[in-house]
Amino acid sequence: MKPINWNADKNLQLKTERGISFEEVLVAMSQGALLDVVEHQNKDKYPNQRILIVRIRSYAFLVPFVETNEEIFLKTIIPSRSATRRYLPEEKKNE
51 MKPINWNADK NLQLKTERGI SFEEVLVAMS QGALLDVVEH QNKDKYPNQR
101 ILIVRIRSYA FLVPFVETNE EIFLKTIIPS RSATRRYLPE EKKNE
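Each residue of the sequence shown is one higher than the one before, starting from 51 at the first, in my numbering.
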(Lines of atoms letter the chains of each structure in order from A and count residues from 1; the text may use other names and numbers.)
(Lines give C-alpha, C1' and ligand atoms only; values in the text may rest on other atoms or scores of the structure.)
Protein backbone atom coordinates (compact mmCIF):
# COMPACT_ATOMS: atom_id res chain seq x y z
CA MET A 1 0.00 0.00 0.00
CA LYS A 2 1.17 3.51 -0.77
CA PRO A 3 2.01 5.85 2.10
CA ILE A 4 -0.68 8.38 3.00
CA ASN A 5 0.60 11.92 3.58
CA TRP A 6 -0.75 15.41 4.23
CA ASN A 7 0.37 18.94 5.00
CA ALA A 8 1.09 19.31 8.74
CA ASP A 9 0.00 22.97 8.78
CA LYS A 10 -3.32 22.06 7.13
CA ASN A 11 -3.81 19.30 9.71
CA LEU A 12 -3.30 21.79 12.54
CA GLN A 13 -5.74 24.20 10.88
CA LEU A 14 -8.36 21.43 10.58
CA LYS A 15 -7.93 20.50 14.24
CA THR A 16 -8.41 24.13 15.27
CA GLU A 17 -11.22 25.11 12.91
CA ARG A 18 -13.18 21.87 12.43
CA GLY A 19 -12.17 19.69 15.36
CA ILE A 20 -10.96 16.83 13.15
CA SER A 21 -7.59 15.61 11.91
CA PHE A 22 -6.11 13.46 9.17
CA GLU A 23 -5.07 10.98 11.86
CA GLU A 24 -8.75 10.49 12.71
CA VAL A 25 -9.45 9.77 9.04
CA LEU A 26 -6.75 7.08 8.99
CA VAL A 27 -8.03 5.49 12.20
CA ALA A 28 -11.60 5.46 10.89
CA MET A 29 -10.49 3.91 7.61
CA SER A 30 -8.49 1.24 9.43
CA GLN A 31 -11.66 0.37 11.35
CA GLY A 32 -13.67 -0.13 8.16
CA ALA A 33 -15.37 3.28 7.99
CA LEU A 34 -14.46 4.03 4.37
CA LEU A 35 -17.87 4.37 2.73
CA ASP A 36 -16.88 5.15 -0.85
CA VAL A 37 -14.28 6.63 -3.18
CA VAL A 38 -15.68 8.94 -5.87
CA GLU A 39 -14.35 11.16 -8.63
CA HIS A 40 -14.22 14.88 -7.88
CA GLN A 41 -17.25 16.58 -9.44
CA ASN A 42 -15.24 19.58 -10.66
CA LYS A 43 -12.81 17.83 -13.00
CA ASP A 44 -11.84 21.11 -14.69
CA LYS A 45 -10.54 22.69 -11.50
CA TYR A 46 -9.38 19.46 -9.78
CA PRO A 47 -8.51 17.06 -12.62
CA ASN A 48 -6.45 14.61 -10.57
CA GLN A 49 -8.49 14.55 -7.38
CA ARG A 50 -10.78 11.88 -6.05
CA ILE A 51 -12.71 11.95 -2.79
CA LEU A 52 -12.77 9.49 0.09
CA ILE A 53 -16.08 9.38 1.94
CA VAL A 54 -15.41 8.34 5.52
CA ARG A 55 -17.72 7.76 8.50
CA ILE A 56 -16.42 9.52 11.61
CA ARG A 57 -18.53 10.07 14.72
CA SER A 58 -21.74 9.01 12.92
CA TYR A 59 -21.20 11.61 10.19
CA ALA A 60 -19.88 11.43 6.61
CA PHE A 61 -16.76 13.44 5.83
CA LEU A 62 -15.37 14.14 2.36
CA VAL A 63 -11.59 13.85 2.07
CA PRO A 64 -10.25 15.01 -1.31
CA PHE A 65 -6.95 13.38 -2.25
CA VAL A 66 -4.41 13.11 -5.04
CA GLU A 67 -2.84 9.75 -5.80
CA THR A 68 0.56 9.52 -7.47
CA ASN A 69 2.86 6.56 -8.10
CA GLU A 70 4.58 7.30 -4.78
CA GLU A 71 1.84 8.37 -2.36
CA ILE A 72 -1.72 9.31 -1.52
CA PHE A 73 -1.86 12.96 -0.47
CA LEU A 74 -4.88 14.08 1.57
CA LYS A 75 -5.95 17.68 0.86
CA THR A 76 -8.62 18.57 3.45
CA ILE A 77 -11.59 17.21 5.43
CA ILE A 78 -15.11 18.47 4.79
CA PRO A 79 -18.16 17.48 6.87
CA SER A 80 -21.01 16.69 4.48
CA ARG A 81 -24.71 16.72 5.31
CA SER A 82 -25.65 15.42 1.87
CA ALA A 83 -23.17 12.52 2.05
CA THR A 84 -24.44 11.69 5.55
CA ARG A 85 -28.01 11.53 4.22
CA ARG A 86 -26.92 9.39 1.29
CA TYR A 87 -24.50 6.99 2.97
CA LEU A 88 -25.72 6.98 6.58
CA PRO A 89 -29.51 7.43 6.55
CA GLU A 90 -29.84 5.38 9.75
CA GLU A 91 -27.58 7.84 11.59
CA LYS A 92 -29.90 10.76 10.84
CA LYS A 93 -32.91 8.83 12.17
CA ASN A 94 -31.16 8.25 15.50
CA GLU A 95 -30.50 11.94 16.14
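We put the beta carbon where it would ideally sit given N, CA and C, even for glycine.
Buried or exposed (CB count within 10 angstroms, at least 16 for buried), L102
buried
With 16 other CB atoms within 10 Å as the buried threshold, where does R68 fall?
exposed
Which residues bound the alpha helix (DSSP H) around R135?
R131 to Y137
C-beta atoms of T134 and Y96 nearer than 7 Å:
no
In three-state terms, what does DSSP make of D59?
helix
CB V77 to CB V104, shorter than 7 Å?
No, the pair does not count as a contact, with Cβ atoms beyond the cut-off.
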